[in-house]
Each structure stands twice: as structure tokens, then as C-alpha cells.
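Chains as they are written, first to last, in my numbering: chain A, 1 to 278; chain B, 1001 to 1278.
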């Protein structure tokens, strides 16, 4: 497995793959890899000849009061997992090699990023779009795989690819969950034993929504209230509970099959997100 | 010569060139081609196996009170000139095929675009960066050629390529002038005979700056005043006269060899720009 630590090394390799018509798949991650990430690598392997995994905790997508500094990192374990998962190359840059001190060009999305996490994390999706555009230009992938866990992010990346005409296929892979339903997340490591139990509220509230919608269309306001109640009963502090159109991410008045339910909630100090296509 | 009218046609062709390792050059233009544009095509031909000329009056880079509607267009003549100049392909999209009605992703530059034309034309360079990023992803060039006439634009595009890691070499070709010194511009067609004469003030003010700096370093404020006086004597209304650092585009206190002098001035209703590396 190849290891690149600078943008130049990755791009040079990618140009060489292109010249040989090797189909490249990219899996952008922030590391601390779990089974969710491994499923993305497996998906990329199905669709490409060579798979690059990028591991980069991107400072530009973190707010000043967020967890950039304490975000979990374990390079040795991540490299072992990538190797096991059959990655061709891993890209492990530092912020200093990714951003010039006078970096001044950014990619912004002005519609899908207005609500949900975008409203709570100003600048987050600007950071995400910018770093993903950079990774696209460095790894020159034919296909890139993102997780549905970050539903809004995946929608925004698809929009970026459409609006900036990147010649890249975007694949969104399903959420991988623990056996009790908790969505896999690098941030789950922050949870105490009690919080870990409370965290089940998210997937349970989404399951509740799915059950209700399976019975027939639901007035959104009433369904949201039921979900909020369940979250609060799990000692979670709700950041948002939304029922939105799957493409436009705009709130729907009535939840129907295909509507997406999204939750962000604080479990202790840890902010968790989860979602489900109803 | 190939003619493409949709993004899909161009990108499909570009991907086929890439698969055959054909080196592609791109010359983005707004059409109404003059000798300045032809010099860019010639430059691209020297550096690439196949040259794409894009002709697109990009609505996103025009302000509401600017000349988008009346900007001169002559498709038949442009195609003939491209063919003569040895272009491999011309890309002639409409705004409707370039921008989805709900387009929401843009590329912004937040430093080099603050002054000069950026300060006078809000949103202009956001439109330029966005359309050039799209053209890069559609034509997939190895090299792209821009004119020094739009000095600030060229600096911003180089910055975009650096900050977003596009695998593209940017070449900036010298300004082509009429025999009397007026910089070639599609907008020169707007000028009456009298205005055409007055327009010489721009290149003369730049020549004056070059002469002064050739004698020794010049205090910028004094030199600017001399240039402004010359422009006003030519019946030009000054939009800006600036002496800036060639890379950062920040005003310098003292003009020296390598300083860039830039002018924007209204000649009647027509806004003209010109510049010179002193």
C-alpha cells in the first residue's frame, strides 16, 4: 500500500494512473476508521481498479468552538485498517501542506447548506466543499464514495459535482450501525457508558418515524414532536429534528415514504447526527 | 474543427482525449475574437496537441447594470477565426446549458479580488472563478491560456489553480495592442471616433509610468497623480489607477521595476481597462 503525505505526491501518482487508464476510486475520511469507513472502501473497490483513502482532519470545516483539537486520531491503526480493506494508497496530509498561509479560494454552496448542520455549523460546508474539491483535483478519481451518515454533506457534494461539472461519479453508501442501532461514528469514542446507552435515542427516534410513515402520511409537526419527546426521554439535548425532501433538503409539511428524517442531538458534550430515508 | 454546444459533448470528448493521452489546451473567451484572443490560441497550440476555445458570455460575471445584454457577439466570424487559428474544437454553450436553474455552488476568491475591478464589480470574480472551474472540469486541459489584459483575473485564476489544486498549467500571454498603443478589446467596438482617440490616454498613462520608473523608484502617490492628470486630459473618467505588487495585488508605497500599474477608466459610457508591468 502506498502512503502519500503531500499533495504533489498524490497528484503525480494520480496523473500516472490516468495516463494508464486505471480507474481510480476515492474515499475521503477524517480517519479513526470504523466499519462505516471500511464499507466505503469496499464499495470503492467494487467500482474502481485503484482506491485512494484520504485521512485528513480538515481544520477549515471545524468551527472555533468545535472539536478539531480533540478529534480522535490513530494513524497506525488507520493504516492497518486501510491495508486490510485493500486500499491501494492512503493520503495523509497535514493542514500545512493542504493550505497555503495565504489561501484565499473556497468553494461555497448556497442552498442545500442553509439548514440542518449548515445552520448550526457556520462555514462547515464551505470547508467540506473546499477540501473535497481539492481532493478531487489531487486524486483525480472516476468515482468517489461518501457515507449516508452525513446525508446533508453527500447531497451538497453531489450538487457541487453537478454545478462545477466534475467528471466524477458520486456514490452514497448506507449507514453502518452497531447491533443495537447506533450509527457508527468516530465521535462515539467520546461517549461514557451511560451516554452510549442514551445515544440509542437517535436511531430509535428514526425507527419511530419510519414506523409511523409506514402506516401512512404523517403531518410533520406532530411526527417531529413525537421524535423530540423520545430523544428527550433518552436524556439527549436536541439540536434539530427535521423531515425534509430527499433532494432539496427543504422541510416537508407531510412526511411520506422517501422523506428523509434527520437528527442532531447532544449526548453529554458530544454532538451526534443520524438520519433515515423513511 | 469540432463544435460543441453542451457541457456533456465537450466533457465526453475531453475524456476521450485523456484516455488517448492527448495534451489539451484551453482558451476561455467571451467571443468577438480579436488578435489578442488569436495570440492566446497560438500560445495554446505551442503547448498542447489539441486546443479548445470556449466562447461564452457568462451572465454570472456581469453586474445588473453592466453590458451583458449588449456585449458584442458574432458567432459566425468567431468560428471562422478559430478555424483559421487552428483550434481543434470550439465550445459554444448557452447560459441555460451551463447553469441549472437551482445552481448553488460557486467558487470564491477572498483576497486578490478585493481591490481593483473586484471592488468596482461586486460578484465579478466569483462569476469568473465559477465558470473557469466549470470549463476546467469540462475541457480537462493540461494547460490554459489567459491574457495579461485582464491582469487581476489572471492572478486570481492562478490562485484558484494553486488553492484548489487543479492539475493545470496557467499561461499568461502578453497584451496585444493596436499600432497606436490601445489594448485590443472586444469592447473597443463601442467607441465613437472621438472616444477611440481619447482611449489612447490609458496606454499613454501606462507608458508615462514606465518611463518614470525607468529613471528610478517613484513615490506611488505622486506617480498616480501624474497618470490621473494624463487620463483626465484625454477626457477619460478615472475608475481607478493603482500601482500594486505583481503577486499579491496590494498597493505599493513606491513603484519600482516589477510593480504593476493598472487603470480602469470610462471613455464615454465604455469602461476600458489596461495594465503594464513597469
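Quick reminder that beta carbons are idealized off the backbone N, C-alpha and C, glycines included.
Whose C-alpha, out of the options, is nearest the C-alpha of residue i?
i	options	result
residue 283 of chain A	A/271, A/39, A/38, A/244	Absent from the structure is residue 283 of chain A, since the part of chain A shown begins at 1 and ends at 278.
residue 1010 of chain B	B/1051, B/1257, B/1040	B/1051
residue 237 of chain A	A/256, A/2, A/202	A/202
residue 117 of chain A	A/31, A/242, A/165	A/242
residue 1138 of chain B	B/1198, B/1093, B/1275	B/1093
residue 48 of chain A	A/22, A/77, A/261, A/75	A/22
residue 1360 of chain B	B/1147, B/1115, B/1073	Any question about residue 1360 of chain B goes unanswered here, given that chain B covers just 1001 to 1278.
residue 1003 of chain B	B/1076, B/1194, B/1277, B/1275	B/1076
residue 1104 of chain B	A/55, A/46, A/161, A/85	A/161
residue 1030 of chain B	B/1232, B/1065, B/1178, B/1185	B/1185
residue 1205 of chain B	B/1071, B/1072, B/1102, B/1234	B/1234
residue 66 of chain A	A/107, A/187, A/164	A/187
residue 1033 of chain B	B/1020, B/1130, B/1147, B/1102	B/1147
residue 1036 of chain B	B/1085, B/1017, B/1074	B/1085
Using a cut-off of 8 Å between C-beta atoms, extract the partners of residue i located in chain B.
i	result
residue 111 of chain A	1102, 1104
residue 137 of chain A	1164, 1165, 1166, 1167
residue 159 of chain A	1104, 1105
residue 256 of chain A	What residue 256 of chain A touches in chain B: nothing, since even the nearest Cβ is about 22 Å away.
Residues of chain A with CB under 7 Å from residue i, in chain order?
i	result
residue 1134 of chain B	164, 165
residue 1252 of chain B	Correct list: empty, because the minimum Cβ distance to chain A is about 17 Å.
For residue i, which residues from the same chain have a beta carbon less than 8 Å from its beta carbon, with the 5 sequence-adjacent residues on both sides left out?
i	result
residue 208 of chain A	226, 227, 230
residue 282 of chain A	Beyond the ends of chain A as shown, which are 1 and 278, falls residue 282 of chain A; an answer cannot be given.
residue 1097 of chain B	1005, 1006, 1007
residue 134 of chain A	7, 98
residue 213 of chain A	223, 255, 256, 257, 259, 278
residue 1074 of chain B	1031, 1032
Can you list, in chain order, the residues of its chain whose CB lies under 6 Å from that of residue i, leaving out five sequence neighbours each side?
i	result
residue 1061 of chain B	1124, 1127, 1128
residue 217 of chain A	254, 256
residue 273 of chain A	264
residue 14 of chain A	139, 140
residue 1183 of chain B	1149, 1175, 1177, 1274
residue 335 of chain A	A query on residue 335 of chain A cannot be resolved here, the shown segment of chain A reaching from 1 to 278 and no further.
residue 1063 of chain B	1121
residue 286 of chain A	Nothing in the structure corresponds to residue 286 of chain A, since chain A is present only between 1 and 278.
residue 156 of chain A	109, 112, 113, 125
So residue i contacts chain A; which residues on that side make the cut at Cβ distance below 9 Å?
i	result
residue 1129 of chain B	105
residue 951 of chain B	In this structure chain B extends from 1001 to 1278, so residue 951 of chain B is not present and cannot be described.
residue 1176 of chain B	Under the 9 Å cutoff, chain A gives no residues; its nearest Cβ is about 28 Å from residue 1176 of chain B.
Find the residues of chain A that neighbour residue i, judging by a C-beta separation of less than 8 Å, and give them in chain order.
i	result
residue 1140 of chain B	167
residue 1022 of chain B	What residue 1022 of chain B touches in chain A: nothing, since even the nearest Cβ is about 11 Å away.
residue 1027 of chain B	Here the premise fails: no neighbours, minimum Cβ distance about 18 Å.
residue 1172 of chain B	The contacting residues do not exist; residue 1172 of chain B stays about 17 Å from chain A at best.
State the beta-bridge partners of residue i as determined by DSSP.
i	result
residue 25 of chain A	A/51, A/143
residue 240 of chain A	A/264
residue 57 of chain A	Bridge partners of residue 57 of chain A: none, in fact.
residue 175 of chain A	DSSP lists no partner for residue 175 of chain A.
residue 2 of chain A	A/89
residue 1275 of chain B	B/1262
residue 1106 of chain B	A/108
residue 1251 of chain B	B/1244
residue 270 of chain A	A/267
residue 183 of chain A	A/177
residue 1117 of chain B	Paired residue(s): none; residue 1117 of chain B is not in a bridge.
residue 170 of chain A	A/144
residue 1282 of chain B	Look at the range of chain B in this structure, 1001 to 1278, and you will see that residue 1282 of chain B is not part of it.
At 7 Å on the CB atoms, spell out the chain B contacts of residue i, in chain order.
i	result
residue 292 of chain A	Because chain A spans 1 through 278 in this model, residue 292 of chain A falls outside it and cannot be assessed.
residue 52 of chain A	Those within 7 Å of residue 52 of chain A in chain B number zero; the least Cβ separation is about 14 Å.
residue 60 of chain A	Going along chain B, no residue has its Cβ under 7 Å from residue 60 of chain A, so there is no contact; the nearest lies around 11 Å.
residue 97 of chain A	Result: empty, since nearest Cβ-Cβ is about 11 Å, beyond 7 Å.
residue 57 of chain A	Chain B residues near residue 57 of chain A: none, gap ~18 Å exceeds 7 Å.
Spatial neighbours of residue i within its chain, please: CB distance less than 7 Å, with the 5 preceding and 5 following residues excluded, ordered by chain position.
i	result
residue 1159 of chain B	1109, 1112
residue 1039 of chain B	1173, 1176
residue 239 of chain A	120, 264, 265, 266, 271
residue 1145 of chain B	1025, 1027, 1040, 1043, 1044, 1171, 1173
residue 1059 of chain B	1068, 1095
residue 143 of chain A	25, 44, 47, 48, 168, 169, 171
residue 1189 of chain B	1072
residue 198 of chain A	234, 235, 236, 267
residue 130 of chain A	60, 106, 107
Please compile the residues from chain B whose C-beta is within a distance smaller than 9 Å of the C-beta of residue i.
i	result
residue 213 of chain A	Those within 9 Å of residue 213 of chain A in chain B number zero; the least Cβ separation is about 26 Å.
residue 90 of chain A	In chain order: nothing, as chain B lies at least about 18 Å away.
Taking beta-carbon pairs under 7 Å, can you tell me which members of the region 6–20 of chain A lie near chain B?
7, 11, 15, 18, 19
Mind checking the region 220–243 of chain A against chain B and listing, in chain order, the residues whose C-beta falls within less than 8 Å of any C-beta there?
none
Just by C-beta distance, which residues in the region 1182–1200 of chain B are closer than 8 Å to chain A?
none
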